[in-house]
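Peer 1: Sequence lines, in order, name chains A and B.
With our numbering, the residue at position 159 of the first sequence is 159, and numbering never jumps.
With our numbering, the residue at position 18 of the second sequence is 18, and numbering never jumps.
Input: one structure, supplied below.
Number of protein chains: 2
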Amino acid sequence: MSTIGFEPHDHQRCVAGTLSKAEKQCAENGLRLTPVRRRALEILLAEHRALGAYDLLAVLAEEGLGAQPPVAYRALDFLVKAGFAHKIEALNAYIACAHLGTCQTPAFLICRSCKSVAEADTAPASGRLGDAARAAGFQIERTVVEAQGLCPACQKAAA
Amino acid sequence: MSTIGFEPHDHQRCVAGTLSKAEKQCAENGLRLTPVRRRALEILLAEHRALGAYDLLAVLAEEGLGAQPPVAYRALDFLVKAGFAHKIEALNAYIACAHLGTCQTPAFLICRSCKSVAEADTAPASGRLGDAARAAGFQIERTVVEAQGLCPACQKAAA
DNA sequence: CCTCAAAATGTTATACTATTACATTTGATA
DNA sequence: TATCAAATGTAATAGTATAACATTTTGAGG
Numbered sequence: 001m002s003t004i005g006f007e008p009h010d011h012q013r014c015v016a017g018t019l020s021k022a023e024k025q026c027a028e029n030g031l032r033l034t035p036v037r038r039r040a041l042e043i044l045l046a047e048h049r050a051l052g053a054y055d056l057l058a059v060l061a062e063e064g065l066g067a068q069p070p071v072a073y074r075a076l077d078f079l080v081k082a083g084f085a086h087k088i089e090a091l092n093a094y095i096a097c098a099h100l101g102t103c104q105t106p107a108f109l110i111c112r113s114c115k116s117v118a119e120a121d122t123a124p125a126s127g128r129l130g131d132a133a134r135a136a137g138f139q140i141e142r143t144v145v146e147a148q149g150l151c152p153a154c155q156k157a158a159a
Numbered sequence: 001m002s003t004i005g006f007e008p009h010d011h012q013r014c015v016a017g018t019l020s021k022a023e024k025q026c027a028e029n030g031l032r033l034t035p036v037r038r039r040a041l042e043i044l045l046a047e048h049r050a051l052g053a054y055d056l057l058a059v060l061a062e063e064g065l066g067a068q069p070p071v072a073y074r075a076l077d078f079l080v081k082a083g084f085a086h087k088i089e090a091l092n093a094y095i096a097c098a099h100l101g102t103c104q105t106p107a108f109l110i111c112r113s114c115k116s117v118a119e120a121d122t123a124p125a126s127g128r129l130g131d132a133a134r135a136a137g138f139q140i141e142r143t144v145v146e147a148q149g150l151c152p153a154c155q156k157a158a159a
């Protein structure tokens, strides 16, 4: 398991690397990373933070890439379906995937103070949620696992 | 861990019992279970399914208990803060707590077909999500754990 | 009792999130 | 190059949630 988001890292490289992985995957799978979609992914990648669809739309609109809500929602749908982004349900917001290519069942750690979001790949279906599902005879298709609280930096700042 | 929701049970008793537990807890903790709040809880308890705030409002409005959105949202806020109800983030909807009084960190199994919702108490903070949080130095305050898929009955129906 | 402050309620307006619907353009491929 | 599916442009609207402020109710202390 790896958790990406709070620790300092070479963000330029993290963005560029993810973007090129996305391009590669699109080529391999016959997906089309059109200009709006590519730019939307870049915008999300720019921060380890969740952006609302309308925040994304505002940036796209500034750049002449579309002015109406469906522009943003379509790009987000594509990115989410392709596994390049995730929706944070607790925030009604979207974040670029930090494990592009290897992400199975993401879990998120959301800082309520600085709004940063870390992504872990925890395979919850094989943990306690999976136990509960098996016990109930429930067949899991998708999981939402999100923790809200304080990231290391904000804990220090609070103390 | 107990999971409540899919298995057949004496629902009349389940509702009445939960309601009286809620009354008891309010008395003990100086909370006021006013008519709107009590009725809102009853409405949620009537089904092991999540209701939208506006669905709840529609019922309350029919009964003359308030016509504007804040009526529903205030009642829901109270119920959620008191631990009598939970918000299902993946559905933007609300459900009565099935473990009233003992519910620490709920997890939900949501059937995409019949919309029923089962609640388990899985202490995710002590599972893999907790491991990820500890590894990242993240301090968890609240968790959202929701699985979507097919309940036992709908699996049979599909086969 | 009476007063007072806090809590709860009533109501209007508005903000934020998301989708439907349909016309048009683009792009791969037969 | 004709065609069909995918993608885009755009207007309208549906669904979720909160801000703000006036009024009423409630319960604790005098």
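Note that the Cβ used here is the ideal one computed from N, Cα and C, for glycine as well.
This structure is a prediction, so every number in the text was calculated from the model and none was measured.
When you compare the CB of C114 of chain A with every CB in chain B, is at least one pair closer than 8 angstroms?
Peer 2: Within the first sequence, residue 114 of chain A is the residue found at index 114, counting from 1. No, its Cβ sits nowhere closer than 8 angstroms to a Cβ of chain B.
Peer 1: Provide the residue(s) that pair with G149 of chain B in DSSP beta bridges, ordered along the chain.
Peer 2: Along the second sequence, read from residue 1 onward, the residue named residue 149 of chain B stands at position 149. Answer by DSSP bridge pairing, in chain order: A:I140, B:C111.
Peer 1: Which term fits T34 of chain B, buried or exposed, when burial requires 16 or more other beta carbons within 10 angstroms of its beta carbon?
Peer 2: Position 34 of the second sequence holds residue 34 of chain B. Under this definition T34 of chain B is an exposed residue.
Peer 1: If we define contact as Cβ-Cβ less than 8 angstroms, is T3 of chain B a contact residue for chain A?
Peer 2: For this step, residue 3 of chain B is matched to residue 3 along the second sequence. True, the Cβ-Cβ gap to chain A drops below 8 angstroms.
Peer 1: Give the residues of chain A in contact with I219 of chain B, contact being defined as C-beta atoms less than 7 angstroms apart.
Peer 2: This structure cannot settle anything about residue 219 of chain B, because the visible part of chain B is limited to 1 through 159.
Peer 1: Are the stretch 114 to 134 of chain A and the stretch 63 to 79 of chain A in contact at 8 angstroms, needing three or more beta carbon pairs?
Peer 2: No, because fewer than three Cβ pairs between the stretch 114 to 134 of chain A and the stretch 63 to 79 of chain A fall closer than 8 angstroms, the two stretches do not touch.
Peer 1: At 9 angstroms on the CB atoms, spell out the chain B contacts of L51 of chain A, in chain order.
Peer 2: By 1-based counting over the first sequence, the position of residue 51 of chain A is 51. Correct list: empty, because the minimum Cβ distance to chain B is about 17 angstroms.
Peer 1: Could you check the C-alpha separation between C111 of chain B and H48 of chain A for me, to the nearest Å?
Peer 2: Stepping through the second sequence from its first residue, residue 111 of chain B is reached at position 111. Stepping through the first sequence from its first residue, residue 48 of chain A is reached at position 48. If I take the Cα positions, the gap works out to 31 angstroms.
Peer 1: Since G149 of chain A meets chain B, which of its residues come closer than 8 angstroms, beta carbon to beta carbon?
Peer 2: As a position in the first sequence, residue 149 of chain A is number 149, starting the count at 1. Result: A133, F138, Q139, I140, E141, R142.
Peer 1: Between the C-alpha atoms of L150 of chain B and E89 of chain A, what's the straight-line distance to the nearest angstrom?
Peer 2: In the second sequence, the residue the question calls residue 150 of chain B occupies position 150. In the first sequence, the residue the question calls residue 89 of chain A occupies position 89. Rounded to whole angstroms, L150 of chain B to E89 of chain A spans 20 angstroms at the Cα level.
Peer 1: Less than 8 angstroms between the beta carbons of A107 of chain A and I95 of chain A, yes or no?
Peer 2: Taking the first residue of the first sequence as position 1, residue 107 of chain A is located at position 107. Taking the first residue of the first sequence as position 1, residue 95 of chain A is located at position 95. Not in contact: A107 of chain A and I95 of chain A (Cβ atoms no closer than 8 angstroms).
Peer 1: I'd like to know if G66 of chain B contacts chain A, where contact means its C-beta is closer than 8 angstroms to some C-beta of that chain.
Peer 2: The residue given as residue 66 of chain B occupies position 66 in the second sequence. So no, G66 of chain B is outside the interface.
Peer 1: In its own chain, which residues sit with a C-beta less than 6 angstroms from the C-beta of V144 of chain A, not counting the 5 before and 5 after it?
Peer 2: Counting from 1 along the first sequence, the entry for residue 144 of chain A is found at position 144. Answer for V144 of chain A: E89, listed in chain order.
Peer 1: I need the straight-line Cα distance from D55 of chain B to A75 of chain B, nearest angstrom please.
Peer 2: Residue numbering aside, residue 55 of chain B sits at position 55 when the second sequence is read from its first letter. Residue numbering aside, residue 75 of chain B sits at position 75 when the second sequence is read from its first letter. Near 13 angstroms, if we compare the C-alpha coordinates of A75 of chain B and D55 of chain B.
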